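Here's the structure, in structure tokens; my notes come after.
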Ligand SMILES: C=C(O[C@H]1C=CC=C(C(=O)O)[C@@H]1O)C(=O)O
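Residue numbers (UniProt numbering): 1 to 486.
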């Protein structure tokens, strides 16, 4: 595998230099009209943006995780770093996977193969207050990489210069026309069918999703949408994958699928939801109701148990933290942090392959839930609810679960939202919950917030099942925009 790949592509060479004053958002604006990628992590203050494509990796079918791993290994094995000053500026692949193993791209997803990663030609990283630009190229086979260094440095300097100029203005936004192709009656029938199958013991849980279709008079302005999501949903992972101009998948997900750094793995269970309150008191009452809800606890515990089971044989230590409430502007979720030490560190991809889809997005048992999802959902999920993120040279990386997301084709966008169905689910409540989950992307796309919750910025309150006094923190830190309390 390694050899043919390298013969075909030559050898990867990377060079970085500081790029003061140019943010990842600026790079994206300069890169309009080219392939673009973006990742901003909720918790560690690091953001990446990519422009152009130096290398792309693709794979199909159930084996797509292994094939991307092999291709990434081959790409990075003999890579030459001409500069090693800022580790986060080292080359990184950005991309993601389709939800279903047998996904065949169609309609909305025409430009999204079942697995697709790009190494950007130019890659910018923000690390706290500093900015680094990296140039990734392939030396033709046989070429001495170091001999190319002076030319590459010159090209990189010219790019830093170009990026330091004013980015082009954002176009005016046009308002969305919305359509929801699945009528409530169909949703209700599907929920009832899942509940029946749960009641006869065939299943424990299935996550059912639906779509909102938005159309605009002008091309969808992803840059403004990402800026709005960063402001309104700071406690999320924001991502953009735009392999062709105007063909984009983007979102602001609160859910980390996995992060691997050497032998450390971090993940979470996120399932069980309730709305935000209109006042701090109501908000707190709702958080307590969520923690007390047998239905939501059960829905959540299925995810915790399954993540624990799947990671058990891969880890020599696994810590499941206390369940707390994650608060986002639109919704509150039950959340359990999970972390561990891997027996055999082999990077992020085997972990992703093991975890995807967790019962927060698929169901339990997995195979039966996946069959039912394919049968009941009229349109394919594409990359919705699947892993999206980045892979570094060591094959470590960070992947979110691509929920609170939309796929864009020029003037149209398809938004996705799902809800976990368990025995005690009520069709109307689950439908309302998906409406709450559509809200971030609708806001991002310029649809106004009619529910007046604009003042509630993402916070998290610390609680556990036995000791709820952590809820008191909201009084002191509540609605002031602080990204996280813990
Ligand atoms: C499937 C989605 O959310 C998942 C993540 C958090 C809470 C969920 C729930 O309560 O149903 C879902 O499992 C979605 O946002 O489309």
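Here a beta-carbon is modelled for each residue, glycine too, at the ideal position from N, C-alpha and C.
The structure displayed is predicted, hence computed values, not measured ones.
| Item | Value |
| --- | --- |
| The alpha helix (DSSP H) that contains residue 76, what's its start and end? | 64-77 |
| Less than 6 Å separating the Cβ of residue 403 from some heavy atom of ligand 1? | yes |
| Are there 16 or more other CB atoms within 10 angstroms of the CB of residue 168, so buried, or fewer, so exposed? | exposed |
| Can you look up residue 118 in the DSSP assignment and give me helix, strand or coil? | strand |
| At which residues does the beta strand (DSSP E) containing residue 275 begin and terminate? | 264-275 |
| Kindly identify the DSSP beta-bridge partner or partners of residue 315. | 342 |
| May I ask you to check if the CB of residue 205 is nearer than 6 Å to at least one heavy atom of ligand 1? | no |
| Hey, would you say the C-beta of residue 360 is under 6 Å away from at least one heavy atom of ligand 1? | yes |
| Give the secondary structure of residue 243 by DSSP, where H, G and I count as helix, E and B as strand, and everything else as coil. | strand |
| Enumerate in chain order the residues of its own chain whose CB-to-CB distance from residue 368 is below 7 Å, with the five nearest sequence positions on each side excluded. | 202 and 203 |
| If we count the other Cβ atoms within 10 Å of its Cβ and call it buried at 16 or more, is residue 400 buried or exposed? | buried |
| Within 10 angstroms of its Cβ, does residue 184 collect 16 or more other Cβ (buried), or is it exposed? | exposed |
| Just to confirm my understanding: we take residue 227, look at its own chain, exclude 5 residues before and 5 after, and list those with CB closer than 8 Å. What are they? | 25 |
| Does the beta-carbon of residue 282 have 16 or more other beta-carbons within 10 angstroms, so that it is buried, or is it exposed? | exposed |
| Go to residue 444, then tell me how far its alpha helix (DSSP H) extends in each direction, as first and last residue. | 427-444 |
| For a test of the three-state rule: what should DSSP assign to residue 24, helix, strand or coil? | helix |
| Considering only heavy atoms of ligand 1, does any lie closer than 6 Å to the CB of residue 356? | no |
| From the DSSP secondary-structure annotation, give me the bridge partner or partners of residue 205. | 364 |
| Where does residue 355 sit, in a helix, a strand or coil, going by DSSP? | helix |
| From what residue to what residue does the alpha helix (DSSP H) around residue 184 run? | 184-199 |
| I want to know whether the segment 337-350 touches the segment 57-77 - three or more CB-CB distances under 8 Å. | yes |
| Could you give the first and the last residue of the continuous beta strand (DSSP E) run that contains residue 56? | 55-59 |
| How big is the Cα-Cα spacing for residue 177 and residue 29? | 25 Å |
| What residue does the alpha helix (DSSP H) around residue 153 start on, and which one ends it? | 149-163 |
| Using 8 Å for Cβ pairs, my map puts residue 277 next to residue 285. What's the rounded Cβ distance? | 7 Å |
| What residue range is occupied by the uninterrupted beta strand (DSSP E) comprising residue 41? | Neither: residue 41 is in no beta strand (DSSP E) and is coded neither H nor E. |
| In its own chain, which residues sit with a C-beta less than 6 Å from the C-beta of residue 14, not counting the 5 before and 5 after it? | 81, 91, 134 and 136 |
| Measuring CA to CA, which of 218, 249, 275 and 208 is closest to residue 182? | 208 |
| Taking three-plus beta-carbon pairs below 8 Å as touching, is the segment 296-308 in contact with the segment 371-379? | no |
| Sort 375, 288, 259 and 106 by Cα distance to residue 339 and report the nearest one. | 259 |
| Consider the C-beta atom of residue 502 and the heavy atoms of ligand 1; say whether any pair is separated by less than 6 Å. | Residue 502 cannot be examined here, being either before or after the span of the chain that is shown, 1 to 486. |
| Would DSSP call residue 383 helix, strand or coil? | coil |
| Say yes only if the C-beta of residue 333 is nearer than 6 Å to one or more non-hydrogen atoms of ligand 1, and no if none qualify. | yes |
| Which one of 331, 216, 305 and 93 has the shortest CA to CA distance from residue 396? | 93 |
| In chain order, what residues of the same chain have a beta carbon less than 6 Å from the beta carbon of residue 415, not counting five sequence neighbours either side? | 212, 406, 438 and 441 |
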